[in-house]
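The structure appears below as C-alpha cells.
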Amino acid sequence: MIPGGGQPNMQQLLQQAQKMQQDLARAQEELAATEVDGQAGGGLVKATVTGSGELRGLVIDPKAVDPEDTETLADLIVAAVQAANENAQQLQQAKLGPLAQGMGGMPGLGF
0 MIPGGGQPNM QQLLQQAQKM QQDLARAQEE LAATEVDGQA GGGLVKATVT
50 GSGELRGLVI DPKAVDPEDT ETLADLIVAA VQAANENAQQ LQQAKLGPLA
100 QGMGGMPGLG F
C-alpha cells in the first residue's frame, strides 16, 4: 500500500529522475572519452572513434596504398570506419542501455 492515499511520492520520483539523468550524463561523458577501433583489409586500415562515434584517428598501412587503385583504399577506409562505429554502438548499448531501461520511457527525458 502506498502511503498518502495511493499517490506516489512526487518528491521521491523527481529525485529518482534527477539521479537517472545524472547517471546518463556521466555515462555519455565516459563514452565521449572512450576510444574504440575498427579495421578492414586484415588490418591494412584501422579507424579509431570515440564511444559516441566521433572519428579520432585513421591509420593506413603503406601496403594499402596503390596510386592506380584508390577506389579499393577508399572502400577499406569506409569499412574500417563502419567497423569502428559498430563497436562504438555496442559500447553505447552496454553503457546506456541499462540507464535507458531505468528511465522507463519517462516523457521529457529523451526516451
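In numbering that gives the first Met the number 0, the protein residues as written are 0 to 110. Cβ coordinates follow ideal geometry from the N, Cα and C atoms, glycine included.
Exposure label - A132; buried when at least 16 CB within 10 Å: Any answer about residue 132 is impossible in this case: the structure gives the chain only from 0 up to 110.
Three-way DSSP call (helix, strand, coil) for T33 in this model: coil
Contact check, K62 vs L75, beta carbons under 8 Å: no
Same chain, Cβ closer than 6 Å to G37, five either side skipped, listed in chain order: A46, A79, A82, A83, N86
Neighbour-count burial assignment, V77, 16 or more Cβ in a 10 Å radius: exposed
Alpha-carbon spacing of A24 relative to D68, whole angstroms: 44 Å
V48 versus G56 - alpha carbon distance: 7 Å
Rounded C-alpha distance that separates P7 from S51: 36 Å
Within 8 Å, strictly: CB atoms of L98 and A32: no
Nearest neighbour of G40, chosen from Q88, A73, E34 [CA to CA]: A73
Assigned exposure category for M0 - 16 Cβ within 10 Å defines buried: Any reading at M0 must be qualified, since the residue scores a pLDDT of 45, below 50, and its modelled position is unreliable; no value is offered.
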